[in-house]
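Trainee: After the structure tokens below, expect a handful of questions from me.
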Amino acid sequence: MSNSYPIARVVLDTRLPQLDRLFDYAIEPGVEVTPGVRVKVPLRSNARFAPGYVHSVVDNSEHKGKLAPLAEVVSQAQVMPERLYDLCDEVARRCAGSISDVLRLAIPPRYVRVEKAWLSREESPVPAGEEADPAAALEVATWEGYAGKSAEDMLEPGTRWSLSTPYGVVEVPQGATVPRSTMPIVSLAATALSRGQSTIIVVPDWRDLESFQKALESSLAPEGLAFLHTQQPPAQRYQNYLRTLQPQPVVVLGSRHAIYAPVSNLAAIVVLEDGDEAHREPLAPYPHTRDIATIRAGHDNAALIFASMTPSYAVRRWIDMGYVAPVAPTSSSRAKVVPTALTTSHDSFSSPARLPSLAVLGAKEALTRGPVLIQVFRAGYSSGLACEACGERGMCRECHGPLRLPRQGSSPSCAWCGVTVSAWSCQECRGSRLVPRGQGIGRTVADFGKTFPGVTIIRSDGEHPVASVGAQPALVVATRGSEPIAQGGYCAALLLDGPAMLSRESLGTLEDTLREWERAVALVNPDGTVYLTDVEGPPALAMSAGNHDQLVRLELSERESIRLPPAVRIASLSGPASDVAPIVAAVIGSCAGVSALGPVPLGGGVVRTILRFSYAQGAEVARELKAWRNKLASGPRKTAGERVKIVLDNPHSLDALTSE
DNA sequence: AGCACGCCGACT
DNA sequence: GTCGGCGTGCTC
-9 MSNSYPIARV VLDTRLPQLD RLFDYAIEPG VEVTPGVRVK VPLRSNARFA PGYVHSVVDN
51 SEHKGKLAPL AEVVSQAQVM PERLYDLCDE VARRCAGSIS DVLRLAIPPR YVRVEKAWLS
111 REESPVPAGE EADPAAALEV ATWEGYAGKS AEDMLEPGTR WSLSTPYGVV EVPQGATVPR
171 STMPIVSLAA TALSRGQSTI IVVPDWRDLE SFQKALESSL APEGLAFLHT QQPPAQRYQN
231 YLRTLQPQPV VVLGSRHAIY APVSNLAAIV VLEDGDEAHR EPLAPYPHTR DIATIRAGHD
291 NAALIFASMT PSYAVRRWID MGYVAPVAPT SSSRAKVVPT ALTTSHDSFS SPARLPSLAV
351 LGAKEALTRG PVLIQVFRAG YSSGLACEAC GERGMCRECH GPLRLPRQGS SPSCAWCGVT
411 VSAWSCQECR GSRLVPRGQG IGRTVADFGK TFPGVTIIRS DGEHPVASVG AQPALVVATR
471 GSEPIAQGGY CAALLLDGPA MLSRESLGTL EDTLREWERA VALVNPDGTV YLTDVEGPPA
531 LAMSAGNHDQ LVRLELSERE SIRLPPAVRI ASLSGPASDV APIVAAVIGS CAGVSALGPV
591 PLGGGVVRTI LRFSYAQGAE VARELKAWRN KLASGPRKTA GERVKIVLDN PHSLDALTSE
């Protein structure tokens, strides 16, 4: 079979930013090449071959000069459809990164046996269930009242929503208990599926994966489901990826990478808890699910749904701008939240379990009926400086960044802009001495045993997570983010270590803390009580009222005035000072209104500068940063290996000196 | 990254 | 006179 279009435009799978463009190769007679297939191409020397994907097949080339022929067509599987290339291209441009880096996140590694079986699937008989209605019986996941919105309204193409998920837990037919928050999302996905359309659900972590998997499997036929997550065995991941290439509608559930699943008839993208750090990709070019989802919803004209107990700062900002519309359950039954101050004044640091008596009494009473959750903060967090007199955080006058002591006995300096503070005075109380803040208190299970004698204690933490517990009375001590789901819901919860959580030295502290509290509250029965211990002021008021709007708006307006994300966009540049400085100077020079924080020395001649710019300037700044990065990559080899690392829009860049 | 081309010091 | 140092630049 000869080819009428003899030229293949190829995107190379390489880590070299200089090669981040399409290359033309001649297709030799008799070689069958279709867009999206994996190929091997010669690069500079015939001896070496680079892997790549065919972007398109054309009949003429812009390239002056002789075209080398494709070395090999790896397989006929069209794993990079044009729509996926277009999505990855825009993601790369937004992050000032290479498209091949993004493609590497989107397309799982090839697994030959799986691919061969998939390519010959037409020859194998269709499974009996395939022709059955994929959106079979939906008894549990019915659409509960959402302020006059129907599931159909939410699936309207191009609409954007912030969906407040309901509290509590619910039992699915197979007997598993899942958070009730899964229900409206499963219902939306089922509605789309019954109309012959696909949905992508991206969740932050393994607990949500498990819950949603159970909820989806209890409502939908397995033919209509595809799971894509990072901890999957490679064969299974590739199998499910290939499944999403098929035209049949599907509900894709997964972590970060699932957002790229190349389904062709996308009705909706659901991002669960977009404020969770796990939605940021730790590999270059560090895209965030929220941003990829926004780009993709635009490309696919799909509905975009940010589902969470409480909106993230970024989504709150979009709500206030009118970019997304908030929807909340008509009737929400949330457990009562009672802030309880410490009533005892004994030495809290040596006390075995530093608990207010009201909370202890409440927990003891609840333990006669069922499980009680105790949420604790994991030990070891970055401690900063605080006013010795009033405990207020030590902040930089110039940019409101956290103050650090670079060396013992030296003057404090700002971790964000590097300014050294010679004579500090507290803005709250005029105190003049800064002292290091204390570390979190490591509480042991044995400590709780003393306060609650004779009670079964179950521990769940990041290293040894427990997914679910039964309905029997037990004290479930869990680090934040590792709370098991209790059958029938918890009868009560104690949220401990609030002060430690809130004093974490990070831009995301309040947002993260509110989210982690609410997710614990959501696991408690609506008729249960949550004791928020030792927390006062606006956070305590917001939690007891069950409404964070005012608190978050206040925080956002402050960030607006001091130019911090998400009110502005940021780019973090770290690397040798001799490389960072000219980039910073050039970007500031050519894009009016861009300002820099830093450079801050990171040690070893490496510095970091944060650029701040408006959303309107984003595309221009990203383009310029990418051009600089490519220029440096092909520059003198002396500095290679420690090139400049560019990370866009990661508020974490502002957190610690050592991060990134 | 590789692997070319390219313009200055000690060698058969 | 050449052989070869690796600085700079390109890869269809």
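Sequential numbering from -9 applies to the first sequence in our numbering. Every residue gets a Cβ at the ideal spot worked out from N, C-alpha and C, and that includes glycine.
Straight-line CA distance for GLN417 to GLU382?
Mentor: Locating residue 417 in the first sequence gives position 427, counting from the first residue. Locating residue 382 in the first sequence gives position 392, counting from the first residue. Using only the alpha carbons, I get a separation of about 9 Å.
Trainee: May I ask you to list the residues that DSSP assigns as paired with TYR136?
Mentor: As a first step, residue 136 is located in the first sequence; it is residue number 146 there, counting from the start. Note: TYR136 sits in a beta bridge opposite LYS139.
Trainee: Quickly, what does DSSP pair ALA58 with across the bridge? List them, please.
Mentor: Locating residue 58 in the first sequence gives position 68, where the first residue counts as 1. Per DSSP, none; premise fails for ALA58.
Trainee: Using beta-carbon positions only, say whether LEU60 and ALA(-2) come within less than 7 Å of one another.
Mentor: One-based indexing of the first sequence puts residue 60 at position 70. One-based indexing of the first sequence puts residue -2 at position 8. Yes, the Cβ-Cβ distance between LEU60 and ALA(-2) is below 7 Å.
Trainee: Who pairs with CYS404 in a beta bridge, going by DSSP?
Mentor: Indexing the first sequence from 1 puts residue 404 at position 414. Beta-bridge pairing links CYS404 to LEU393.
Trainee: Taking buried to mean at least 16 other C-beta atoms within 10 Å of its own C-beta, is LYS54 buried or exposed?
Mentor: Taking the first sequence and counting its residues from 1, one reaches residue 54 at position 64. That one is exposed.
Trainee: Which two residues bound the contiguous beta strand (DSSP E) that contains HIS289?
Mentor: Taking the first sequence and counting its residues from 1, one reaches residue 289 at position 299. Premise fails: HIS289 lies in the alpha helix (DSSP H), 279 to 290, not in any beta strand (DSSP E).
Trainee: Considering Cα atoms alone, identify which of ASP266, THR469, PRO516 is closest to CYS481.
Mentor: Along the first sequence, one-based indexing puts residue 481 at 491. When each option's Cα is compared against that of CYS481, the closest is PRO516.
Trainee: May I ask you to list the residues that DSSP assigns as paired with VAL193?
Mentor: Mapped onto the first sequence, residue 193 falls at position 203. None; VAL193 has no bridge partner.
Trainee: Could you tell me which residues DSSP puts in a beta bridge with ASP14?
Mentor: Along the first sequence, one-based indexing puts residue 14 at 24. In DSSP, ASP14 forms a bridge with ARG(-1).
Trainee: So if DSSP puts TYR521 in a beta bridge, which residue, or which two residues, is it bridged to?
Mentor: Numbered from its first residue, the first sequence carries residue 521 at position 531. In DSSP, TYR521 forms a bridge with VAL328, LEU484.
Trainee: CYS78 lies in the beta strand (DSSP E); which residues open and close that run?
Mentor: One-based indexing of the first sequence puts residue 78 at position 88. Careful: CYS78 lies outside any beta strand (DSSP E), inside the alpha helix (DSSP H) at 72 to 85.
Trainee: In chain order, what residues of the same chain lie with their CB nearer than 8 Å to the CB of GLN66, ignoring the 5 residues before and after it?
Mentor: Position 76 of the first sequence holds residue 66. So the qualifying residues of the chain are GLU22, THR24, VAL27, LEU109.
Trainee: For GLY498, which option in ARG509, LEU554, ALA461, ILE448 has the closest C-alpha, if you only look at C-alpha atoms?
Mentor: Indexing the first sequence from 1 puts residue 498 at position 508. It is LEU554 whose Cα lies nearest to the Cα of GLY498.
Trainee: Please confirm if the region 208 to 220 is in contact with the region 88 to 96, defined as three or more CB-CB distances below 8 Å between the two stretches.
Mentor: No, because fewer than three Cβ pairs between the region 208 to 220 and the region 88 to 96 fall closer than 8 Å, the two stretches do not touch.
Trainee: Taking only three categories from DSSP, how would you classify PRO98?
Mentor: Residue numbering aside, residue 98 sits at position 108 when the first sequence is read from its first letter. Note: PRO98 maps to coil in three-state DSSP.
Trainee: Which residues in the same chain have their Cβ closer than 6 Å to the Cβ of GLN607, if we skip the five residues on either side of it in sequence?
Mentor: As a working mapping, residue 607 is identified with position 617 in the first sequence. Cβ within range, chain order: CYS581.
Trainee: Please state whether DSSP places ASN230 in a helix, a strand or coil.
Mentor: Counted from its first residue, the first sequence places residue 230 at position 240. Helix.
Trainee: ALA464: buried (16+ other C-beta within 10 angstroms of its C-beta) or exposed?
Mentor: Position 474 of the first sequence, counted from the first residue, corresponds to residue 464. It is buried - the Cβ of ALA464 has at least 16 other Cβ atoms within 10 Å.
Trainee: Specify, as a first and last residue, the run of the beta strand (DSSP E) that GLN417 falls within.
Mentor: The sequence position of residue 417 within the first sequence is 427, counting from 1. GLN417 -> no beta strand (DSSP E), and no H or E assigned at all.
Trainee: Could you check the C-alpha separation between ALA461 and PRO361 for me, to the nearest Å?
Mentor: For the purposes of this step, residue 461 is taken as residue 471 along the first sequence, with counting starting at 1. For the purposes of this step, residue 361 is taken as residue 371 along the first sequence, with counting starting at 1. Straight-line Cα distance between these residues: approximately 6 Å.
Trainee: Between the beta-carbon of THR189 and the beta-carbon of VAL241, is there less than 7 Å?
Mentor: Along the first sequence, one-based indexing puts residue 189 at 199. Along the first sequence, one-based indexing puts residue 241 at 251. Cβ atoms of THR189 and VAL241: closer than 7 Å.
Trainee: What is the DSSP secondary structure of SER208, counted as helix, strand or coil?
Mentor: Taking the first sequence and counting its residues from 1, one reaches residue 208 at position 218. Residue state, collapsed to three classes: helix.
Trainee: Could you give the first and the last residue of the continuous beta strand (DSSP E) run that contains ILE636?
Mentor: Working through the first sequence from its first residue, we reach residue 636 at position 646. Element bounds for ILE636: 635 to 638.
Trainee: Tell me, to the nearest whole angstrom, how far the beta carbon of VAL570 is from that of THR599; I am working on the premise that it is less than 8 Å.
Mentor: Residue mapping note: residue 570 aligns to position 580 of the first sequence, counting from 1. Residue mapping note: residue 599 aligns to position 609 of the first sequence, counting from 1. Confirmed, about 6 Å.
Trainee: Measuring CB atoms only, is the region 291 to 310 touching the region 264 to 272, in the sense that at least three cross pairs come out at less than 8 Å?
Mentor: Yes: at least three Cβ pairs fall under 8 Å.
Trainee: Thinking just about the alpha-carbon of each residue, which of ILE578, PRO556, VAL47, GLN8 is nearest to the one in ASP281?
Mentor: The residue you call residue 281 lines up with position 291 of the first sequence. The candidate whose alpha carbon is nearest that of ASP281 is PRO556.
Trainee: What separation, rounded to the nearest whole angstrom, lies between the Cα atoms of TRP414 and ARG423?
Mentor: Walking along the first sequence from the start, residue 414 turns up at place 424. Walking along the first sequence from the start, residue 423 turns up at place 433. TRP414 and ARG423: Cα-Cα distance of roughly 7 Å.
Trainee: Rounding to the nearest angstrom, what Cα-Cα distance links PRO403 and VAL611 in this structure?
Mentor: Position 413 of the first sequence, counted from the first residue, corresponds to residue 403. Position 621 of the first sequence, counted from the first residue, corresponds to residue 611. What sits at residue 403 in the sequence shown is Ser, not Pro. Each residue's alpha carbon lies about 28 Å from the other.
Trainee: Is SER298 helix, strand or coil by DSSP?
Mentor: The sequence position of residue 298 within the first sequence is 308, counting from 1. Looking at SER298 - three-state DSSP - the assignment turns out to be strand.
Trainee: Kindly indicate the opening and closing residues of the alpha helix (DSSP H) around VAL611.
Mentor: In the first sequence, residue 611 corresponds to position 621, counting from 1. It spans 608 to 623 - the alpha helix (DSSP H) in which VAL611 sits, taken as one unbroken run.
Trainee: Please give me, in chain order, every unbroken run of the beta strand (DSSP E) with length at least 3 that falls completely inside the region 449 to 520.
Mentor: Listed in chain order, the complete beta strand (DSSP E) runs (minimum 3 residues) inside the region 449 to 520 are 465 to 469, 480 to 485.
Trainee: Tell me which residue opens and which closes the beta strand (DSSP E) that ILE364 is part of.
Mentor: Taking the first sequence and counting its residues from 1, the one referred to as residue 364 is at position 374. Start and end: 362 to 366.
Trainee: Where HIS289 and GLY148 are concerned, what is the direct C-alpha to C-alpha distance, given to the nearest angstrom?
Mentor: Sequence index remark: in the first sequence, residue 289 carries index 299 (1-based). Sequence index remark: in the first sequence, residue 148 carries index 158 (1-based). Cα to Cα, HIS289 sits roughly 10 Å from GLY148.
Trainee: Inspect the beta-carbon positions of LEU259 and ALA283 and report whether they are closer than 7 Å.
Mentor: Working through the first sequence from its first residue, we reach residue 259 at position 269. Working through the first sequence from its first residue, we reach residue 283 at position 293. Per the sequence shown, residue 259 should be read as Ile rather than Leu. In contact: ILE259 and ALA283 (Cβ atoms closer than 7 Å).
Trainee: Put VAL176 into one of helix, strand or coil per three-state DSSP.
Mentor: On the first sequence, residue 176 is found 186 positions in, with the first residue counted as 1. Note: VAL176 maps to helix in three-state DSSP.
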